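Just so you know, we're using this note's numbering here: the sequence shown kicks off at 9 and counts up by one.
Using N, Cα and C, we set each Cβ at its ideal position, and we do this for glycine too.
Because the structure is a prediction, the values reported are computed rather than measured.
To keep things clear, I will list the structure first and then write my remarks on it.
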Amino acid sequence: MVDAARLAMRARRLRRAGRHPVLWLVTDPVRLPDPLAAAAALARGSGVLARGLAPPMRARLAALARRRGLVLLVGADGRDALAARAGLHLPDRRAANGVLPFLLARRAGAPGAMLTIAAHHGAASAARARRLRPDLAFLSPLFATRSHPGAPALGPLRWLAAARGLGVPAIALGGVAAGTAGQVPRRAAGLAAIDGLAPQAVAPPPQCLR
9 MVDAARLAMR
19 ARRLRRAGRH
29 PVLWLVTDPV
39 RLPDPLAAAA
49 ALARGSGVLA
59 RGLAPPMRAR
69 LAALARRRGL
79 VLLVGADGRD
89 ALAARAGLHL
99 PDRRAANGVL
109 PFLLARRAGA
119 PGAMLTIAAH
129 HGAASAARAR
139 RLRPDLAFLS
149 PLFATRSHPG
159 APALGPLRWL
169 AAARGLGVPA
179 IALGGVAAGT
189 AGQVPRRAAG
199 LAAIDGLAPQ
209 AVAPPPQCLR
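Right, dumping it as structure tokens:
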């Protein structure tokens, strides 16, 4: 069984986050510059977090997501997210554009306007979650990851404590693959991966989800 199928099986056993996907593909401009094959392999109802994609590739991914019944998030640009009828993901370590128009549209009931945040900074991330009230938080790194070589991983116990402090459903990110998925705390609202859902070996990374 391929890694993606194992991850999907593990994700289905986790505590569900209501109507939200439990399995997420995260794109990366170096490690997964063309995410179309990986996205096409996802089961209906899965999610894709699109980061660092050129507009033509993002448009192709949005069209694929509509055909396949996938939930799409656009990273760091609220206007692009609204144009794609997608959700918005707010990075933790860099600014996002068009946040206010997106939040206003979300409050008005715009279709697909899910809001998610990256959570890497403990109390600061918890305060941000309370302020923005996102649908989900991507909490990382759970395990050692190629995205941040040498950076300390939270590990299951500290990840669980941090997730509880967020007050919103938390998606496990960072080193999540077939070999580690069994150690993901069952409280996780889902799993997210780059390498673990990529259709083939990927290049060394520059950065992770920010």
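Rounded to whole angstroms, what's the CA-CA distance from G198 to M17? Just pull it up for me.
Pairing G198 with M17, the inter-Cα distance amounts to about 11 angstroms.
In whole angstroms, what is the alpha-carbon distance linking G55 and P160?
G55 and P160: Cα-Cα distance of roughly 27 angstroms.
Taking the alpha-carbon positions, what's the G117 to A201 distance?
In this structure, the alpha-carbon of G117 lies about 29 angstroms from that of A201.
Could you give the distance in angstroms between the alpha-carbon of A45 and the alpha-carbon of P177?
One C-alpha to the other measures close to 28 angstroms.
If we count the other Cβ atoms within 10 Å of its Cβ and call it buried at 16 or more, is R114 buried or exposed?
When all chains shown are included, R114 counts as buried.
Could you compute how far the alpha carbon of P214 sits from the alpha carbon of R154?
Confidence in P214 is poor, its pLDDT being 40 and thus under 50, which makes the residue's placement too unreliable to answer from.
In angstroms with no decimal places, state the Cα-to-Cα distance between H128 and P64.
Straight through space, the alpha carbons of P64 and H128 are spaced by roughly 30 angstroms.
How about A126 and A137: are their beta carbons less than 7 angstroms apart?
No, they are not a contact pair.
Could you give the first and the last residue of the continuous alpha helix (DSSP H) run that contains G55?
That residue, G55, is in no alpha helix (DSSP H); its beta strand (DSSP E) goes G55 to A58.
For the alpha helix (DSSP H) containing V4, name the first residue and the last one.
Outside the modelled stretch of the chain, which goes from 9 to 218, sits residue 4, for which no answer is possible.
Just to check my reading of the structure: A171 and R195 have Cβ atoms closer than 8 angstroms, yes? What is that Cβ distance to the nearest angstrom?
Contact between A171 and R195 holds: CB atoms are separated by about 6 angstroms, below the 8 angstroms threshold.
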